[in-house]
Amino acid sequence: MSAATTWTAASIQTALRAKKVSAREIATEFYANIDRRNPDINAYLTLSRERAFAQADRVDVATACGEKLGPLAGVPIAVKDVISTAGVRTTCGSKILESYVPPYDATAVSRLEKAGAVILGKTNCDEFAMGSSNENSAYGPVRNPVAMDRVPGGSSGGSAAAVAAGLAVAALGTDTGGSIRQPGACCGVPAMMPTYGRVSRYGLIAFASSLDRIGPFATNVADTAAVMSVIAGHDENDATSAAVPAPDYAAGIEQAIQGLRIGVPEEYFGEGIDSQVKEKVLAGIALLEKLGCKRVSLKMPHTEYAIATYYIVATAEASSNLARYDGVRYGLRVPGATLIDMYRKTRERGFGAEVKRRLMLGTYALSSGYYDAYYLRAQKVRALIARDFTEAFQKVDAIVTPTAPTPAFKLGEKTSDPLQMYLADIYTVTGSLAGIPGISVPCGITKEKLPIGMQILGPHFSEARILQLARAFEKAGGFTI
Amino acid sequence: MTISPEDVLRVAELAQLELTPEEAELYRGQLDEILNYIGKLQKLDVTNVEPMTQMSFNSAEAPASSSASPREAEPDLREDKLRPCNIADAVLEQAPDAAKPFFRVPKVIER
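Top line first, the protein sequences correspond to chains A and B. So in our numbering, the last spot in the first sequence is 481, and the numbers never skip. So in our numbering, the last spot in the second sequence is 592, and the numbers never skip.
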């Protein structure tokens with residue numbers, strides 16, 4: 001019941017240039033599909049038709065005038081609702097920002113539009129990107145288009161579902177502990193978390209500032225690379241963005257992978273992994289070997305501490321970042337007798353259960369008497385986890401693991417047990433803490449026809465190589481939805 | 482029990498959350514379970530480990546860009562110069578209660 005679109009960024013470029021189709025016709029086709037299927041899937045929260053058609057018309061005028069088109073001309077793209085869009089409501093999946101309309105565009109969004117992309121709308125997500133199932137959205141859960149009784153993963157569940165259901169050619173998501181890669185795995189589409197600092201976060205509404213990253217979903221690896229080529233690069237509006245030149249990922253995508261050393265850490269195949277996930281990921285590694293890669297067994301001893309570390313660091317940063325929602329400058333205000341009363345009533349009504357839980361945890365970890373035992377210790381363990389990767393990358397060019405321990409679970413299955421939900425990120429939080437890039441690529445399906453994702457991690461700024469590995473794997477395996 | 486009902490109320494106050502008694506009890510149990518899990522960090526020896534407080538990269542540190550010169554390894558800060566920033570109206574448009582050019586809030590100073 002999935003049916004991803006047959007359009008790709010590349011096929012749209014060819015069709016537009018041959019004048020076989022117009023950008024307006026493509027946008028119209030996508031909105032027709034959204035109108036038909038979104039009521040069931042709930043991938044989109046807000047549609048930006050006016051802005052999308054204005055952009056499509058600009059592309060069509062440029063085509064008619066024989067002007068040079070951008071690399072993503074006419075490509076319909078969805079944007080996660082934690083990324084600011086000027087004049088288009090941006091809710092973060094929260095009631096506290098239900099009617100918030102940003103006055104400016106995120107750099108990633110303006111770069112996409114400059115490249116000719118058509119922004120269709122804003123996608124559903126866990127509130128403030130906090131969750132692994134999209135069930136923490138204040139606007140209802142997203143259904144996995146591959147299996148409608150299951151979650152699409154989270155927190156970028158709407159972006160993953162939109163691409164998997166053919167309601168966008170590509171999408172932007174954000175990844176703090178796995179929020180791009182894990183929904184990519186659950187919905188069966190490639191999904192990339194770039195290196196920390198590789199893509200500007202100007203206009204991204206912050207969750208955990210030392211972890212948050214923006215990255216793409218697409219129906220294939222070449223399109224993932226095409227979006228990366230557009231959004232990557234330094235931005236003077238984001239002091240954490242790296243002044244490191246970004247290569248043309250799309251152009252280098254077919255480069256050979258023979259001789260690359262692939263690390264396989266034993267800690268990612270132990271207790272808690274679903275047997276079918278393990279089997280398919282190991283088969284995926286065998287396929288990479290067949291393609292000429294050399295397998296190297298690794299030990300990464302601090303892996304088991306990653307979830308604990310992540311939930312201290314991320315919640316501590318969130319407790320600081322979300323202090324801004326107080327009813328004063330934007331978003332919801334619930335009147336109160338005093339200023340403090342207004343803050344508390346606003347936050348009580350505006351935030352959902354998971355956000356409050358994490359604000360409580362983060363505040364606790366930072367509070368007097370607990371700071372050293374929790375926050376400072378977590379930052380030290382984070383350094384040890386990062387060191388595991390630094391040492392591993394002296395021996396290997398990339399590391400291959402499962403993306404998530406299980407396929408997509410049923411809606412409602414884990415909502416009453418926050419800790420079990422957190423463990424869905426067990427294989428993704430490590431790369432988040434280390435600041436390295438990673439991609440999830442489909443590597444097969446279970447007997448129940450649920451997608452399985454394989455994660456490829458690499459050293460800082462090695463996106464080009466990771467994409468080449470993913471592309472070679474995709475081409476050889478044919479694991480598309 | 483790692484976290485007491487009093488701890489929960491104190492933390493809620495610090496986080497500016499006004500919890501209902503039901504929420505306070507639910508969170509106490511859940512936070513207790515999460516903190517017990519997180520307690521595994523205490524098992525590790527972190528003597529002499531520097532905390533990882535932030536991440537920043539510049540051209541010299543980037544293995545993927547061989548063209549980077551050492552000069553580019555200076556901190557990636559932009560030039561400190563004034564630029565027009567005429568956004569007050571757009572920002573105040575979003576305010577729940579604005580009396581331009583101010584945000585209006587309940588009175589905080591007693592006379």
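Glycine included, every Cβ here is placed at the ideal spot set by N, Cα and C. In this text, all values refer to a predicted model and were calculated from it rather than measured experimentally.
> Short check: CB of residue 108/A to CB of residue 211/A, under 8 Å?
Replying inline: no
>> Quick check on DSSP: helix, strand or coil for residue 184/A?
In response: helix
> To which residues of the same chain is residue 318/A closer than 6 Å at the C-beta, ignoring the five residues directly before and after it?
Replying inline: 207, 208, 358 and 362
> Which residues in chain B sit within 7 Å of residue 236/A, going by Cβ to Cβ distance?
Replying inline: 559
> Are any of the Cβ atoms in chain A nearer than 8 Å to that of residue 577/B?
Replying inline: yes
>> My output table needs one value for residue 555/B: the three-state DSSP class, helix, strand or coil.
In response: Note that residue 555/B scores a pLDDT of 49, beneath 50, so its modelled location is shaky and nothing firm can be said.
>> Any beta carbon of chain B sitting closer than 8 Å to that of residue 200/A?
In response: no
> Under a CB-based cut-off of 8 Å, is residue 12/A close to chain B?
Replying inline: no
> Straight-line CA distance for residue 432/A to residue 580/B?
Replying inline: 43 Å
> In three-state DSSP terms, what is residue 147/A?
Replying inline: strand
> Quick one, are the C-beta atoms of residue 215/A and residue 175/A less than 8 Å apart?
Replying inline: yes
> the ligand COA heavy atoms versus the CB of residue 487/B: any closer than 7 Å?
Replying inline: The ligand COA is not among the ligands present in this structure, which contains no ligands whatsoever.
> To the nearest angstrom, how far is it from the Cα of residue 90/A to the Cα of residue 474/A?
Replying inline: 34 Å
> Roughly how far, in whole angstroms, is the beta-carbon of residue 456/A from the beta-carbon of residue 438/A, given that I think they are within contact range, below 8 Å?
Replying inline: 6 Å
>> For residue 370/A and residue 50/A, what's the separation of their Cα atoms in angstroms?
In response: 51 Å
> Among 448/A, 385/A and 444/A, which residue has its Cα nearest to the Cα of residue 428/A?
Replying inline: 385/A
> Taking three-plus beta-carbon pairs below 8 Å as touching, is the region 74 to 93 of chain A in contact with the region 115 to 135 of chain A?
Replying inline: yes
> Taking buried to mean at least 16 other C-beta atoms within 10 Å of its own C-beta, is residue 485/A buried or exposed?
Replying inline: Any answer about residue 485/A is impossible in this case: the structure gives chain A only from 1 up to 481.
>> Quick check on the burial criterion: 16 or more other C-beta atoms within 10 angstroms. Buried or exposed for residue 577/B?
In response: buried
> Can you give the Cα-Cα distance for residue 221/A and residue 189/A, rounded to whole angstroms?
Replying inline: 9 Å
> What's the C-alpha gap between residue 344/A and residue 589/B?
Replying inline: 15 Å
> Residues in the region 425 to 444 of chain A with C-beta within 7 Å of chain B's C-beta atoms, listed in sequence order?
Replying inline: 435
>> Between residue 121/A and residue 101/A, how many whole angstroms is the CB-CB distance? I'm expecting something under 8 Å.
In response: Actually they do not touch by this definition, with Cβ atoms about 14 Å apart.
> When the Cα atoms are used, what is the spatial distance from residue 423/A to residue 202/A?
Replying inline: 30 Å
> What is the rounded straight-line gap between the Cα of residue 587/B and the Cα of residue 342/A?
Replying inline: 8 Å
> Should residue 519/B be labelled buried (16 or more other beta-carbon atoms within 10 Å of its own) or exposed?
Replying inline: buried
> Of the residues 349/A, 330/A, 310/A and 401/A, which one's Cα is nearest the Cα of residue 521/B?
Replying inline: 310/A
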